[in-house]
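S.K.: Quick note on the working numbering: the sequence shown kicks off at 7 and runs consecutively.
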Amino acid sequence: MKPHTTNPTSPTIGIEEAAEILRCGVAVVREIIDTGELPALQLTQRHWVLLRDDVVDYIRSKAREQAKVRQVEHAKRNAPRPPVPAPQHKPGEVRRRKPLPDLDACDIANGICTK
């Protein structure tokens, strides 16, 4: 069977040309049609007719949905974070400092240094 060529200015297209416009496979287009996201007329078991404008509108609406999601994600990632407040100490309170470890004792205990 010879593949028929369509007129690029025709308002109607077949499922194969819709797949070309969407840059996907025929099975993906059928899945989109089956979910009702893309309107199409089934003439016979194998022949579908779609409006070129519906395919373009589908691309446009999906692109806008995805752009909105990306904008929200970008805003969340780049939102200014409040500064972390420094710990507050009471006036006159002495802050305890940890004593420094005795490195000589550690070296001797581990057998690194013999004194």
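Idealized CB from N, CA, C, for every residue including glycine.
#1: Which residue's Cα is closest to the Cα of Trp54: Gly117, Pro97, Thr18?
#2: Please report the distance separating the alpha-carbon of Arg66 from that of Ala92.
#3: Please name the residue or residues paired with Ile19 in a DSSP beta bridge.
#4: Taking a contact to mean a Cβ-Cβ separation below 8 Å, would you say Val61 touches Leu44 in this structure?
#5: Per DSSP, which residues does Leu47 bridge with? Please list them.
#6: Give the DSSP-derived three-state secondary structure of Leu106 in the structure shown.
#7: My output table needs one value for Ile118: the three-state DSSP class, helix, strand or coil.
#8: Measure the beta-carbon distance from Ile21 to Val35 and round it to whole angstroms, keeping in mind my assumption that it falls under 8 Å.
#9: Are Ala25 and Gly31 closer than 8 Å when you measure CB to CB?
#10: CB-CB under 7 Å to Tyr64, same chain, minus the five flanking residues each way: which ones, in chain order?
M.R.: If we stick to the structure as given:
#1: Residue mapping note: residue 54 aligns to position 48 of the sequence shown, counting from 1. Cα-wise, what sits closest to Trp54 is Thr18.
#2: Residue numbering aside, residue 66 sits at position 60 when the sequence shown is read from its first letter. Residue numbering aside, residue 92 sits at position 86 when the sequence shown is read from its first letter. Straight-line Cα distance between these residues: approximately 49 Å.
#3: Sequence index remark: in the sequence shown, residue 19 carries index 13 (1-based). In the DSSP output, where bridge partners are listed per residue, Ile19 has Leu56.
#4: Along the sequence shown, read from residue 1 onward, the residue named residue 61 stands at position 55. Along the sequence shown, read from residue 1 onward, the residue named residue 44 stands at position 38. At the C-beta level, Val61 and Leu44 come within 8 Å of one another.
#5: Within the sequence shown, the letter at position 41 stands for residue 47. For Leu47, the pairing in a beta bridge is given by DSSP as Val55.
#6: Locating residue 106 in the sequence shown gives position 100, counting from the first residue. DSSP places Leu106 in coil when its eight states are reduced to three.
#7: Stepping through the sequence shown from its first residue, residue 118 is reached at position 112. Three-state result, Ile118: coil.
#8: In the sequence shown, counting from the first residue as 1, residue 21 sits at position 15. In the sequence shown, counting from the first residue as 1, residue 35 sits at position 29. Distance from Ile21 to Val35 at the Cβ level is roughly 5 Å; contact confirmed, criterion being Cβ atoms closer than 8 Å.
#9: Mapped onto the sequence shown, residue 25 falls at position 19. Mapped onto the sequence shown, residue 31 falls at position 25. A contact, by the Cβ cut-off of 8 Å.
#10: Along the sequence shown, read from residue 1 onward, the residue named residue 64 stands at position 58. Within the same chain, and ignoring the five residues on either side of Tyr64 in sequence, the residues whose Cβ sits closer than 7 Å to its Cβ are Glu43, Leu44.
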